[in-house]
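Before any comments, here is the structure.
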Amino acid sequence: MPVSELLLAPLALALLAGFVVVSYGADRALAARAAGRELTAAGLSPWPDVARLLLQRRRTTTAPDALLWRVGGAGPLVAAALMLAVVPFGDTVIADLPVGIVWFNAMDVLLWAFIWLAGWGAASATALIGGYRYLAQALAYELPLMFALTAPAVAAASLDVREVVAAQGDRWHVVEMPIAFAVFLLCVAAFSLWGPFRAPAGSDLAGGVFAETSGVDRLLLLAGRHALVVAGAAFAVPLFLGGGAGPLLPDWTWQLLKTLAVLLLLVVVRRRLPVLRPERFAEVGWVLLVPLTLLQVLVTSLIVLAEAP
Amino acid sequence: MGLTERVAHAAARRPHVLLVPVPGQRPLRWAAEDVLDERGWARAASPAGADVLLCCGEPGPELADHVEVAWEAMPGPRVRVVATALAEVRPALLTGAARLSDLPVQRRDARDRSAPALSAAADPAAEPEVGHDMDHSMDMGMGMDMDMGLPGGLQMAGRVQDRDGLRLEGLNLSLGPLLPGWPGGLRLDVVLSGDVLTRADVVRLDRRPEPGAPPSLVALDALAMLLDAAGWTDGALRARRARATGASGPPTQDLLRRLRRARLLRWSLRGLPAPGSEDLVAHLDRLVDAVHGAGLPVAEDSRLARDVVGLDVGTASLVVAAHSALEAVGAGV
Amino acid sequence: MTPDDVTAEAVTTVVFVLLALVAVGFGFLVFRVDSMARATFALAVSFVAVGGILLLLDLDYLGVVVVVMMVMEMAIMAVFMIAYMMNPAGLMPMSMYHDKARAMSVAVGTFVVLAGGALLVDWPERQGAPPADVTEQVGLGIMGSHMLVMMGIGAVILTTIVSALVLASARSRYDRLGDDLKTRPARDPIRGGVGP
Numbered sequence: 452m453p454v455s456e457l458l459l460a461p462l463a464l465a466l467l468a469g470f471v472v473v474s475y476g477a478d479r480a481l482a483a484r485a486a487g488r489e490l491t492a493a494g495l496s497p498w499p500d501v502a503r504l505l506l507q508r509r510r511t512t513t514a515p516d517a518l519l520w521r522v523g524g525a526g527p528l529v530a531a532a533l534m535l536a537v538v539p540f541g542d543t544v545i546a547d548l549p550v551g552i553v554w555f556n557a558m559d560v561l562l563w564a565f566i567w568l569a570g571w572g573a574a575s576a577t578a579l580i581g582g583y584r585y586l587a588q589a590l591a592y593e594l595p596l597m598f599a600l601t602a603p604a605v606a607a608a609s610l611d612v613r614e615v616v617a618a619q620g621d622r623w624h625v626v627e628m629p630i631a632f633a634v635f636l637l638c639v640a641a642f643s644l645w646g647p648f649r650a651p652a653g654s655d656l657a658g659g660v661f662a663e664t665s666g667v668d669r670l671l672l673l674a675g676r677h678a679l680v681v682a683g684a685a686f687a688v689p690l691f692l693g694g695g696a697g698p699l700l701p702d703w704t705w706q707l708l709k710t711l712a713v714l715l716l717l718v719v720v721r722r723r724l725p726v727l728r729p730e731r732f733a734e735v736g737w738v739l740l741v742p743l744t745l746l747q748v749l750v751t752s753l754i755v756l757a758e759a760p
Numbered sequence: 020m021g022l023t024e025r026v027a028h029a030a031a032r033r034p035h036v037l038l039v040p041v042p043g044q045r046p047l048r049w050a051a052e053d054v055l056d057e058r059g060w061a062r063a064a065s066p067a068g069a070d071v072l073l074c075c076g077e078p079g080p081e082l083a084d085h086v087e088v089a090w091e092a093m094p095g096p097r098v099r100v101v102a103t104a105l106a107e108v109r110p111a112l113l114t115g116a117a118r119l120s121d122l123p124v125q126r127r128d129a130r131d132r133s134a135p136a137l138s139a140a141a142d143p144a145a146e147p148e149v150g151h152d153m154d155h156s157m158d159m160g161m162g163m164d165m166d167m168g169l170p171g172g173l174q175m176a177g178r179v180q181d182r183d184g185l186r187l188e189g190l191n192l193s194l195g196p197l198l199p200g201w202p203g204g205l206r207l208d209v210v211l212s213g214d215v216l217t218r219a220d221v222v223r224l225d226r227r228p229e230p231g232a233p234p235s236l237v238a239l240d241a242l243a244m245l246l247d248a249a250g251w252t253d254g255a256l257r258a259r260r261a262r263a264t265g266a267s268g269p270p271t272q273d274l275l276r277r278l279r280r281a282r283l284l285r286w287s288l289r290g291l292p293a294p295g296s297e298d299l300v301a302h303l304d305r306l307v308d309a310v311h312g313a314g315l316p317v318a319e320d321s322r323l324a325r326d327v328v329g330l331d332v333g334t335a336s337l338v339v340a341a342h343s344a345l346e347a348v349g350a351g352v
Numbered sequence: 136m137t138p139d140d141v142t143a144e145a146v147t148t149v150v151f152v153l154l155a156l157v158a159v160g161f162g163f164l165v166f167r168v169d170s171m172a173r174a175t176f177a178l179a180v181s182f183v184a185v186g187g188i189l190l191l192l193d194l195d196y197l198g199v200v201v202v203v204m205m206v207m208e209m210a211i212m213a214v215f216m217i218a219y220m221m222n223p224a225g226l227m228p229m230s231m232y233h234d235k236a237r238a239m240s241v242a243v244g245t246f247v248v249l250a251g252g253a254l255l256v257d258w259p260e261r262q263g264a265p266p267a268d269v270t271e272q273v274g275l276g277i278m279g280s281h282m283l284v285m286m287g288i289g290a291v292i293l294t295t296i297v298s299a300l301v302l303a304s305a306r307s308r309y310d311r312l313g314d315d316l317k318t319r320p321a322r323d324p325i326r327g328g329v330g331p
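Residue numbers (my numbering), protein chains in the order written: chain A, 452 to 760; chain B, 20 to 352; chain C, 136 to 331.
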């Protein structure tokens with residue numbers, strides 16, 4: 452899609468916002484169905500929630516670490532935007548890094564810092580426990596995520612996202628490495644505190660890392676959380692679903708459609724599954740997912756060797 | 020000014036409500052939850068995220084203190100309403116939402132609020148937090164004396180032996196009574212080391228007997244609380260809808276069918292202590308049987324206090340959710 | 136050199152100086168701030184700046200991996216710092232200096248020697264252009280044909296860590312599963328997610 456360089460970043464942010472609105476609407480639609488109330492267009496819009504947060508006053512606690520708290524609150528949104536910078540959109544990409552996959556990993560590792568800081572800075576017992584829960588969860592999912600990211604890189608013999616797309620010419624990676632795809636989606640939910648992994652923001656902790664935030668700070672953190680899911684879904688497409696490949700429609704349309712599909716899948720997962728508490732998930736991550744993803748990388752390597760000219 | 024008004028009206032369309040369930044007024048809580056579900060309004064998890072504070076009944080003296088702390092912790096715009104009868108619940112919520120968009124009222128409220136008194140003596144009522152934190156303690160580790168005064172009246176923590184044999188800080192915390200999904204008037208005074216409970220005391224504020232209700236509906240309510248605590252919000256929504264439409268309606272059958280297939284839920288509830296059953300999975304099955312007419316399990320507070328010691332906060336709130344929705348038959352003590 | 140090259144070099148120099156100042160400055164801040172959390176994340180910022188400098192050297196993979204590794208480590212280090220150190224929130228003023236005179240002279244002296252060496256040594260001029268994949272060339276240059284051995288050593292190190300943990304753990308399989316290894320569920324303080 453021919454678009455001038457200067458417009459790329461604002462366009463990406465606008466698309467990010469658009470997808471956040473769509474995921475919010477889908478979430479509310481499913482909730483309305485479960486509650487048995489009828490769907491209205493007004494009921495799906497995020498505007499009332501945004502409006503109330505814009506009007507709400509900010510608050511503070513006794514002896515917070517204000518600098519770290521605000522950094523932690525704004526960080527997830529920044530990390531999501533930076534993740535989007537390496538997602539190719541048709542032919543264009545904002546940051547043509549030769550190590551795009553590792554960059555995505557680096558951005559999701561920054562979340563370890565940001566969400567812990569959001570919990571620590573609030574100087575509240577429940578927020579702090581929320582921050583520590585996030586680290587416990589992160590320790591469990593990070594290695595499987597790294598191995599799940601390694602599999603497409605091995606298949607394409609490159610860390611550049613565009614080359615991973617190009618290497619999926621005749622066969623999408625999701626067919627070759629379904630475990631890596633599933634683990635990747637699981638880890639996207641985990642680093643965005645989404646659905647089954649929202650224990651760090653859980654209601655048993657009065658909102659966890661959200662417990663003491665209000666107003667604009669809360670809006671930033673919530674927006675960051677939703678933006679992370681969108682960025683993760685957008686990144687899954689070039690990595691596993693062939694990027695913009697597809698008949699009839701141009702590349703960038705397919706990219707958007709596939710992102711939408713992955714996003715809706717994540718929203719359905721959010722509504723259907725209970726919360727996986729970090730102490731249960733820890734064993735799953737280390738004992739089940741690490742060997743599975745290692746096996747996946749092994750299988751992928753064998754396929755690459757078998758198909759080498 | 021037109022812009023602010025429009026934003027305020029939009030905000031008032033979907034307020035986040037902090038429900039204060041009052042012991043002995045269970046039907047009011049049910050009615051309030053039904054209104055929230057029906058209108059798609061959210062239930063706030065903490066005062067920081069709440070616009071409307073609804074007391075489901077007139078709170079007794081002990082609970083009223085906690086309500087005051089929560090009210091002070093709510094940032095503006097904020098509204099406080101009380102519903103003392105079943106017919107008052109819906110009008111209270113609607114007028115509350117309308118008052119949220121009443122800008123002059125909100126501005127007056129903001130002007131008349133005083134800054135919380137952060138005195139050197141750690142005054143619990145002044146702490147800008149919901150009543151689940153009576154004593155901010157910092158973990159300062161070894162060798163420091165107890166009378167060092169920290170800014171904000173904070174105290175230093177003592178050390179306790181924790182579940183794994185480590186000596187960690189002992190944080191005195193009060194969980195509840197306004198945590199979402201906790202029944203009326205239940206407060207758990209705990210000593211936390213890390214996030215593990217090393218001691219727990221169950222405190223029932225203003226205890227009153229609940230009015231009688233069909234056991235199947237009580238079982239559905241208990242299911243809703245358990246599913247909310249387990250994090251399956253759709254399941255909780257369906258359970259509350261089943262409670263509202265009656266135990267033999269299609270929503271109930273739908274819910275029970277989904278519960279039979281809920282494998283991940285059962286996996287996450289395995290091995291946790293439950294009242295009158297081997298673990299929470301068996302408890303879940305007993306509640307399902309109770310919806311069909313079997314008897315409800317009986318819960319005791321002393322058992323609860325024993326069960327939660329050694330668990331972490333998340334698991335403890337699951338156990339509390341299981342215990343507390345079931346009032347022992349004839350309880351008034 | 137063309138005007139474009141001159142601008143590129145000027146920009147690179149400016150960015151390098153900024154990143155270097157951030158790295159050194161935040162490194163020093165680690166000892167100046169009172170709060171353990173701030174000290175840890177000041178160190179994290181310092182490491183991220185070093186990662187940025189590696190990016191300037193065209194070592195893309197190494198630069199980004201430095202950021203990944205260091206931020207993860209700092210997050211875990213923060214947990215331990217707060218668990219073990221006094222005054223983790225920095226609410227009381229404290230001094231983290233010990234043996235100021237000697238430590239300062241050693242630190243400043245080392246910095247002067249290394250920086251002076253970097254600036255004053257007669258480095259050879261680059262012949263030709265940098266290779267297409269700088270990271271690969273660096274890897275080959277350092278490890279050459281021993282790359283496979285290094286990867287094997289990585290696996291051995293992981294195994295060693297796991298074995299050390301198993302040996303050091305106060306509770307063994309027999310404590311968890313009984314003498315005949317048949318007790319189900321296992322006698323654990325909290326129940327795990329998979330397995331016995």
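Quick reminder that beta carbons are idealized off the backbone N, C-alpha and C, glycines included.
- In the DSSP assignment, His624/A falls within the alpha helix (DSSP H) that extends over His624 to Glu627.
- Look at the beta carbons and you see the region 722 to 739 of chain A not touching the region 573 to 580 of chain A: under three pairs across the two are nearer than 8 Å.
- Put simply, the CB of Glu663/A is far from chain C, with every gap to its CB atoms at 9 Å or more.
- Residue pairing of Asp208/B in beta bridges, as defined by DSSP: Ser193/B and Asp220/B.
- Interface annotation, Trp705/A: not in contact with chain B, CB-CB separation never under 9 Å.
- Here Gln180/B carries a strand assignment [DSSP, helix/strand/coil].
- Trp703/A and Phe540/A have their alpha carbons spaced roughly 5 Å apart.
- For His35/B, the enclosing beta strand (DSSP E) starts and ends at His35 to Pro40.
- Inter-segment contact for the region 520 to 539 of chain A and the region 550 to 565 of chain A is present: three or more beta-carbon pairs are separated by less than 8 Å.
- Cβ-Cβ distances below 7 Å link Pro270/B to Arg257, Arg260, Ala261 and Thr264 in the same chain, with the five nearest sequence neighbours on each side left out; the list follows chain order.
- What Pro320/C touches in chain B, judged by beta-carbon distance under 9 Å, is Arg289 and Gly290, going in chain order.
- With respect to the C-alpha of Arg622/A, the residue from Gly693/A, Ile545/A and Trp563/A having the closest C-alpha is Gly693/A.
- For Asp183/B, the closest Cβ of chain C is nearer than 9 Å.
- For Val180/C, the enclosing alpha helix (DSSP H) starts and ends at Met171 to Leu191.
- Boundaries of the beta strand (DSSP E) around Val98/B: Val98 to Ala102.
- Looking only at Gly695/A, Arg731/A and Asp655/A, the smallest Cα-Cα distance to Arg613/A is reached by Gly695/A.
- Proximity to Gln747/A across Gly736/A, His677/A and Met628/A peaks at Met628/A, based on C-alpha coordinates.
- Against Leu226/C, the close residues of chain A are Ala514, in the order they occur along the chain (beta-carbon pairs closer than 9 Å).
- Assigned with DSSP and collapsed to three states, Ser575/A falls in coil, not helix or strand.
- Val54/B places its beta carbon 9 Å or farther from that of Leu72/B.
- For the 9 Å CB-CB criterion, Leu236/B and Gly254/B do not form a contact.
- Under the DSSP assignment, Leu153/C falls in the alpha helix (DSSP H) whose first and last residues are Pro138 to Arg167.
- Close CB contacts of Arg479/A within its chain, under the 7 Å cut and outside five residues either way in sequence, are with Gly494 and Leu495 (chain order).
- Met282/C and Pro324/C have their C-alpha atoms roughly 43 Å apart.
- Listed along chain B, the residues sitting closer than 7 Å to Arg326/C by beta-carbon distance are Arg289 and Gly290.
- Close to Glu758/A, with beta-carbon spacing below 8 Å, lies no residue of chain C; the smallest spacing is near 22 Å.
- In this chain, the beta strand (DSSP E) harbouring Val71/B covers Val71 to Cys75.
- Per DSSP, Glu489/A lies in no alpha helix (DSSP H) segment and is marked neither H nor E.
- Nearest Cα to Leu37/B within the set Leu211/B, Gly21/B and Leu112/B: Leu112/B.
- Put simply, of Leu173/B, Pro80/B, Ser321/B and Gln180/B the residue whose alpha carbon is nearest the alpha carbon of Val210/B is Gln180/B.
- Pairwise C-beta distances place the region 679 to 693 of chain A out of contact with the region 151 to 160 of chain C, as fewer than three of them are shorter than 8 Å.
- Contacts with chain A (Cβ-Cβ distance below 8 Å) from the region 188 to 214 of chain C involve Asp195, Tyr196, Val199, Val200, Val202, Val203, Val206, Met207, Met209, Ala210, Ile211, Ala213 and Val214, listed in chain order.
- Taking 9 Å as the CB threshold, Phe648/A stays off the interface with chain C.
- Beta-bridge partners of Leu187/B (DSSP): Val179/B.
- The contact set of Gly329/B on chain C, defined by CB atoms closer than 9 Å, consists of Pro324 and Ile325 in chain order.
- Look at Asp208/B: its C-beta is not under 9 Å from any C-beta on chain A.
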